[in-house]
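Accompanying notes for the structure given below.
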Amino acid sequence: MSEVTLTASTGRETGTRPSRRLRREDLIPGVVYGEGKDATVLSVDRKELRRALSTDAGQNALISLTVDGTTYLTVVKELQRHPVRREVTHVDFLTVDPDAAIEVEVPIHLVGEAKEVSQNGGITEQRLMALKVLVKPGAIPDGIDADITDLTLTTTITAADLVLPAGVELVTDPEQAVVTAELTRAAVTARNEGDDSEGGDGDAEAAGDGDAEG
157 MSEVTLTAST GRETGTRPSR RLRREDLIPG VVYGEGKDAT VLSVDRKELR RALSTDAGQN
217 ALISLTVDGT TYLTVVKELQ RHPVRREVTH VDFLTVDPDA AIEVEVPIHL VGEAKEVSQN
277 GGITEQRLMA LKVLVKPGAI PDGIDADITD LTLTTTITAA DLVLPAGVEL VTDPEQAVVT
337 AELTRAAVTA RNEGDDSEGG DGDAEAAGDG DAEG
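In short: position in the sequence shown from 1, add 156, done, that's the working numbering.
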């Protein structure tokens, strides 16, 4: 995984009002911390942060963060967003050791087509959007594929079923459901109506037999 570069400024004031003022200036307040390093408050340019997180790696991008002339290898540990506008309001950077595995969440991508599900009036539903894994920073995958080709209405794809790249260890509960399938409402209604119709025919036949005997 390639690194992206980002420069941060220190010396910002902390607190709600100073942070709001920074955001009005298109700067995002944040902090960088890690093992053996005291937390340092900082700010980064909003557009530059967006650029850094716009690679295929997304939030798992390796960021070469320069702070007061010192460069750290980091990943974004947490992004806080505005509840309505979804704009980033705060960012936490975590310093990482390139030789030490870290826990990250990797997005799950559905691949293939569940033909048996669709042919039987069903739809697929992705229950889990990201997988927690343990991996070295330089080997973080952009995503994990979940092949739904063989999915049926009676099967479930779990975390344990996903094929992980070499060097990636599963942290998510192996039994966690990732993809399931279920009938659409229309299919359920059609089946129920079919059952009712068959039941009605049976009643009519029984009644007819009774009349004949009388």
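By construction, the Cβ of each residue, glycine as well, lies at the ideal position given by its N, Cα and C atoms.
Residues of the same chain with a CB within less than 8 Å of the CB of Glu338, apart from the 5 flanking positions on each side, are Gly278, Ile279, Glu281 and Leu309 in chain order. The beta-carbon distance between Ala302 and Val334, rounded to whole angstroms, is 5 Å. This is short enough to meet the 8 Å contact definition. Rounded to whole angstroms, the separation of the alpha carbons of Val247 and Val187 is 7 Å.
Counting every other CB atom within 10 Å of its CB across the protein chains shown gives Asn276 a total below 16, marking it as exposed. In this structure, the CA atom of Ile313 is about 20 Å from the CA atom of Pro297. Apart from sequence neighbours up to five positions away, the residues of its chain that approach Leu162 with a beta-carbon distance below 8 Å are Val200, Glu204, Leu205, Ala208, Ile219, Ser220, Leu221 and Thr222, ordered along the chain. Of the residues Arg173, Ala322, Thr345 and His265, the one whose Cα lies closest to the Cα of Lys292 is Ala322.
The DSSP assignment places complete alpha helix (DSSP H) segments of no fewer than 4 residues inside the region 159-239 at 172-180 and 202-208, in order along the chain. Residue pairing by DSSP places Thr314 opposite Ala333 in a beta bridge. When C-alpha distances from Asp253 are compared across Tyr228, Arg242 and Leu318, the shortest belongs to Tyr228.
When the beta-carbon positions are compared, Gly299 and Val262 come within less than 8 Å of each other. Taking 4 residues as the shortest admissible run, the region 268-310 contains the following complete alpha helix (DSSP H) segments, listed from N- to C-terminal end: 271-275. Between Phe249 and Thr345, the alpha-carbon positions lie close to 51 Å from each other. As DSSP reads the structure, Glu338 sits in a beta bridge with Ile279.
Excluding the 5 residues flanking it on each side, Asp182 has same chain C-beta neighbours closer than 8 Å at Asp201, Arg202 and Lys203, in chain order.
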